[in-house]
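Single-structure report; data block below.
Numbering (the numbering used here), first residue to last: 7 to 107.
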(Lines of atoms letter the chains of each structure in order from A and count residues from 1; the text may use other names and numbers.)
(Lines give C-alpha, C1' and ligand atoms only; values in the text may rest on other atoms or scores of the structure.)
Protein backbone atom coordinates (compact mmCIF):
# COMPACT_ATOMS: atom_id res chain seq x y z
CA UNK A 1 0.00 0.00 0.00
CA UNK A 2 1.19 3.48 -0.82
CA UNK A 3 -0.07 6.74 0.56
CA UNK A 4 -0.84 9.92 -1.29
CA UNK A 5 1.75 12.68 -0.81
CA UNK A 6 1.15 14.76 2.32
CA UNK A 7 -1.80 12.67 3.46
CA UNK A 8 -2.76 9.60 5.44
CA UNK A 9 -4.89 8.21 2.62
CA UNK A 10 -3.66 4.82 1.50
CA UNK A 11 -4.10 3.79 -2.11
CA UNK A 12 -4.14 0.10 -3.04
CA UNK A 13 -1.85 -0.67 -5.93
CA UNK A 14 -1.85 -3.64 -8.23
CA UNK A 15 0.14 -4.82 -11.19
CA UNK A 16 -0.67 -7.08 -14.09
CA UNK A 17 1.80 -8.52 -16.56
CA UNK A 18 0.63 -10.11 -19.79
CA UNK A 19 2.90 -11.89 -22.27
CA UNK A 20 1.52 -12.11 -25.79
CA UNK A 21 3.13 -13.84 -28.76
CA UNK A 22 2.41 -11.50 -31.70
CA UNK A 23 3.11 -14.32 -34.16
CA UNK A 24 0.06 -16.17 -32.82
CA UNK A 25 -2.10 -13.40 -34.34
CA UNK A 26 0.19 -12.42 -37.22
CA UNK A 27 2.51 -15.23 -38.33
CA UNK A 28 4.68 -12.81 -40.35
CA UNK A 29 5.03 -10.27 -37.52
CA UNK A 30 8.78 -10.74 -36.97
CA UNK A 31 9.58 -10.56 -40.69
CA UNK A 32 7.36 -7.49 -41.14
CA UNK A 33 8.93 -5.78 -38.14
CA UNK A 34 12.44 -6.46 -39.45
CA UNK A 35 11.43 -5.06 -42.85
CA UNK A 36 10.06 -1.93 -41.17
CA UNK A 37 13.24 -1.48 -39.11
CA UNK A 38 15.46 -1.97 -42.17
CA UNK A 39 13.39 0.51 -44.21
CA UNK A 40 13.44 3.04 -41.36
CA UNK A 41 17.21 2.76 -40.93
CA UNK A 42 17.56 3.15 -44.71
CA UNK A 43 15.74 6.50 -44.81
CA UNK A 44 17.69 9.61 -45.79
CA UNK A 45 18.82 11.32 -42.57
CA UNK A 46 18.17 15.00 -42.00
CA UNK A 47 21.83 15.40 -41.09
CA UNK A 48 23.91 13.53 -43.71
CA UNK A 49 26.70 12.93 -41.17
CA UNK A 50 24.37 10.82 -39.01
CA UNK A 51 22.34 7.64 -39.43
CA UNK A 52 18.63 7.14 -38.91
CA UNK A 53 18.21 5.14 -35.71
CA UNK A 54 15.34 3.08 -34.33
CA UNK A 55 14.59 2.41 -30.65
CA UNK A 56 17.33 0.28 -29.15
CA UNK A 57 20.05 1.36 -31.61
CA UNK A 58 21.69 3.95 -29.29
CA UNK A 59 21.67 1.46 -26.41
CA UNK A 60 23.13 -1.28 -28.62
CA UNK A 61 25.87 1.07 -29.86
CA UNK A 62 26.71 2.06 -26.28
CA UNK A 63 26.89 -1.60 -25.24
CA UNK A 64 29.28 -2.29 -28.11
CA UNK A 65 31.44 0.72 -27.16
CA UNK A 66 31.50 -0.45 -23.54
CA UNK A 67 32.48 -3.99 -24.56
CA UNK A 68 35.34 -2.67 -26.70
CA UNK A 69 36.49 -0.38 -23.87
CA UNK A 70 36.42 -3.24 -21.39
CA UNK A 71 33.91 -1.59 -19.07
CA UNK A 72 30.85 0.59 -18.76
CA UNK A 73 31.13 4.00 -20.41
CA UNK A 74 29.34 6.77 -18.56
CA UNK A 75 28.40 10.12 -20.09
CA UNK A 76 29.86 13.32 -18.67
CA UNK A 77 26.41 14.16 -17.25
CA UNK A 78 26.21 10.83 -15.43
CA UNK A 79 29.69 11.32 -13.98
CA UNK A 80 28.82 14.86 -12.84
CA UNK A 81 25.62 13.59 -11.17
CA UNK A 82 27.48 10.75 -9.40
CA UNK A 83 30.16 13.18 -8.26
CA UNK A 84 27.54 15.58 -6.85
CA UNK A 85 25.77 12.72 -5.06
CA UNK A 86 29.02 11.43 -3.53
CA UNK A 87 29.94 14.88 -2.28
CA UNK A 88 26.44 15.52 -0.91
CA UNK A 89 26.05 12.17 0.86
CA UNK A 90 29.61 11.37 1.89
CA UNK A 91 31.52 14.62 1.42
CA UNK A 92 34.03 12.87 -0.85
CA UNK A 93 34.73 12.88 -4.56
CA UNK A 94 34.44 9.74 -6.63
CA UNK A 95 36.57 10.54 -9.65
CA UNK A 96 40.06 11.91 -9.94
CA UNK A 97 40.45 11.75 -13.70
CA UNK A 98 39.03 13.41 -16.79
CA UNK A 99 36.69 11.18 -18.75
CA UNK A 100 37.91 10.49 -22.26
CA UNK A 101 34.67 10.57 -24.23
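Here a beta-carbon is modelled for each residue, glycine too, at the ideal position from N, C-alpha and C.
Here the structure is a predicted model, which is why all the values come from computation and not from measurement.
Since residue i is in the alpha helix (DSSP H), which residue starts that stretch and which ends it?
i, result
"residue 69", "63-75"
"residue 92", "82-96"
"residue 47", "35-47"
Nearest to residue i by alpha carbon, out of the options?
i, options, result
"residue 46", "53, 52, 35 and 59", "59"
"residue 65", "80, 55 and 54", "80"
With H, G and I counted as helix, E and B as strand and the rest as coil, what does DSSP make of residue i?
i, result
"residue 54", "coil"
"residue 23", "coil"
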